[in-house]
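In the numbering used here, the protein residues as written are 168 to 613.
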């Protein structure tokens, strides 16, 4: 990065935020970072000191401008501590990131360190495109002394670790309490239900406000299934995990009711959205809530510039629905020629305190207990709120579902399209449930 950084910063590669990769630069100064900044393994930060051979490391991630900015600062810190290492950054918005990665994977030219999402993990692991990280954990190149097995296990496919968790997330609703009270309603409690959410609709509509812009189908339908004791996918990945279409029908009757009553943003207006907090309906003051992962709270609250409350998603206390999810991972390319240096960079990211004083939990609450403890005094009130919510969620969570099977991204697209056909009144909910099952099964059996 040393020579290429100026050019890269000026290039058009820096793209907009993606909805599932919104970013925020809440970095503090690195407090004079030094090689002993690693909370878990003081030796790790200077692990390259005994080998001065030049190393070039390609590191890729998705996100928006603020994520790019602080990630480049972390890279600069790593290069300062490892003078023989030059890091070449590659970054883009979420959608463009995966479009770029696909041909790189096909040509066996993936970056050495790849930011990985749970929805793509199974695909890249089973196709042999990312490396098993077990060797690097066993050798302590990636030190897991202060990291729980639960935090690590989300990156496993077929009992092998292909992706290392960068931070923990939990689903939440961000709610504007002042807007609720202005509408003459009572602020919901932690035990609220979907019926409670629906009941807010008419009161808010009379004030010209929405319940929300929308709720992502690929996130909240699977969560609803968990609350009903069901799952999105079968254990073998060859079909849907629920056998009775009543669950689809019940959820989308509820969702369609919100839409037809004008509680959600119209589809034509939603299609014009960029999927960033900057044009979010809650953030703009047009809706009482937005629904997302916990690491998105800081940026949303900053953009909204007003107090927002955190509530768990309705149904969290039914059938162990609530779970912690790795916000994102780092994986190592199977074709990388510098796998050990890639592993050292991952260790630095998750264990180095000074690096995490720059990151400040933007990619999820740190997985290292030592890092979390070291950051406590540096957190803003809003960051503290997120850390405390994730800690509460951890105490009330069950194991997350396995990584999505191959074909899941296509199924996600199908689910969104099917839901839109319901809302456009082109399909009944019952016919949509049948169509979705038939087409999803075909996709998963390709």
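No residue lacks a Cβ here, since even glycine has one placed at the ideal position from N, Cα and C. Please read all numbers here as calculations on a predicted model, not as lab measurements.
7 Å CB neighbourhood of residue 514 in its chain, flanking five on each side removed:
For this step, residue 514 is matched to residue 347 along the chain shown. Setting aside the 5 residues that flank it on each side, residue 514 is surrounded in the same chain by 211, 308, 309, 310, each with a C-beta closer than 7 Å to its C-beta; the list follows chain order.
Distance check for residue 298 and residue 444, CA to CA, integer angstroms please.
If you number the chain shown from 1, residue 444 lands on position 277. If you number the chain shown from 1, residue 298 lands on position 131. When only Cα atoms are considered, residue 444 and residue 298 end up about 34 Å apart.
Using a Cβ-Cβ cut-off of 8 Å (strictly less than) and excluding sequence neighbours within five positions of residue 406, which residues of its own chain qualify?
Along the chain shown, one-based indexing puts residue 406 at 239. If the five residues before and after residue 406 are omitted, its C-beta is found closer than 8 Å to the C-beta atoms of 400, 607, 608, 611, 612, all from its own chain and listed in chain order.
Would you please state the rounded distance, in angstroms, between the beta carbons of residue 430 and residue 378? I believe it to be under 8 Å.
For the purposes of this step, residue 430 is taken as residue 263 along the chain shown, with counting starting at 1. For the purposes of this step, residue 378 is taken as residue 211 along the chain shown, with counting starting at 1. Indeed, because the Cβ distance is near 4 Å, the residues count as touching under 8 Å.
Among 591, 353, 383, 358, the one whose alpha carbon lies nearest that of residue 371:
What you label residue 371 is simply residue 204 of the chain shown in a count that begins at 1. If we check each option's Cα against that of residue 371, 353 comes out closest.
Going by C-alpha to C-alpha distance, which of 295, 471, 492, 466 sits closest to residue 386?
As a working note, residue 386 is residue 219 in the chain shown. With distances taken between Cα atoms, residue 386 lies closest to 492.
Compute the Euclidean distance between the alpha carbons of residue 552 and residue 397, then round it to the nearest angstrom.
One-based indexing of the chain shown puts residue 552 at position 385. One-based indexing of the chain shown puts residue 397 at position 230. Cα to Cα, the separation comes out at about 30 Å.
Which one or two residues does DSSP pair with residue 492 in a beta bridge?
What you label residue 492 is simply residue 325 of the chain shown in a count that begins at 1. The bridge partners DSSP lists for residue 492 are 336.
Return helix, strand or coil for residue 480, following the three-state DSSP convention.
Position 313 of the chain shown, counting from 1, holds the residue named residue 480. Residue 480 sits in coil when the DSSP states are folded into three classes, being neither helix nor strand.
Under a Cβ-count criterion, where at least 16 other Cβ atoms within 10 Å of its own Cβ denotes burial, should residue 474 be classed as buried or exposed?
The residue you call residue 474 lines up with position 307 of the chain shown. With fewer than 16 Cβ atoms within 10 Å of its Cβ, residue 474 is classed as exposed.
Can you tell me the Cα-Cα spacing of residue 440 and residue 590, whole angstroms?
Walking along the chain shown from the start, residue 440 turns up at place 273. Walking along the chain shown from the start, residue 590 turns up at place 423. Computed Cα separation, rounded: 18 Å.
Skipping 5 residues on each side, what residues in its chain have a beta carbon closer than 6 Å to that of residue 502?
In the chain shown, residue 502 corresponds to position 335, counting from 1. Annotation for residue 502: 275 place their beta carbon closer than 6 Å to its own, counting only its chain and skipping 5 residues before and after.
Taking 7 Å as the cut-off, does the CB of residue 312 come closer than this to any heavy atom belonging to the ligand COA?
Ligands are entirely absent from the displayed structure, and the ligand COA is therefore not among its contents.
Taking the beta strand (DSSP E) that residue 255 belongs to, which residues open and close that run?
Residue numbering aside, residue 255 sits at position 88 when the chain shown is read from its first letter. Residue range 252-259 is occupied by the beta strand (DSSP E) that includes residue 255.
With distances taken between CB atoms, is the gap from residue 420 to residue 596 smaller than 8 Å?
To locate residue 420, count along the chain shown from 1; it is residue 253. To locate residue 596, count along the chain shown from 1; it is residue 429. In this structure, residue 596 lies closer than 8 Å to residue 420 by Cβ.
Opposing strand residues paired with residue 282 [DSSP bridges]:
Locating residue 282 in the chain shown gives position 115, where the first residue counts as 1. DSSP, once it has assigned bridges, lists 497 as partnering residue 282.
Can you check DSSP and say which residues form a bridge with residue 297?
Locating residue 297 in the chain shown gives position 130, counting from the first residue. Answer is 500, bridged to residue 297.
Decide if residue 279 is buried, meaning its Cβ has at least 16 other Cβ atoms within 10 Å, or exposed.
If you number the chain shown from 1, residue 279 lands on position 112. Buried, since its Cβ has 16 or more Cβ neighbours within 10 Å.
Kindly indicate the opening and closing residues of the beta strand (DSSP E) around residue 457.
Along the chain shown, one-based indexing puts residue 457 at 290. Residues 456-460.
Looking at the structure shown, is residue 467 part of a helix, part of a strand, or coil, going by DSSP?
Numbered from 1 along the chain shown, position 300 holds the residue referred to as residue 467. In the structure shown, residue 467 falls within a helical segment according to DSSP collapsed to helix, strand and coil.
Evaluate residue 456 with the Cβ neighbour count: other Cβ atoms within 10 Å of its Cβ, from every protein chain shown; 16 or more gives buried, anything less gives exposed.
Residue mapping note: residue 456 aligns to position 289 of the chain shown, counting from 1. Using a 10 angstroms sphere on the CB of residue 456, the tally of other CB atoms reaches 16 or more, which defines it as buried.
Whose CA, out of 410, 313, 460, lies closest to the CA of residue 382?
Counted from its first residue, the chain shown places residue 382 at position 215. For residue 382, the closest alpha carbon among the candidates 410, 313, 460 is that of 460.
If the criterion is Cβ atoms closer than 8 Å, does the pair residue 554 and residue 528 meet it?
For this step, residue 554 is matched to residue 387 along the chain shown. For this step, residue 528 is matched to residue 361 along the chain shown. In this structure, residue 528 lies closer than 8 Å to residue 554 by Cβ.
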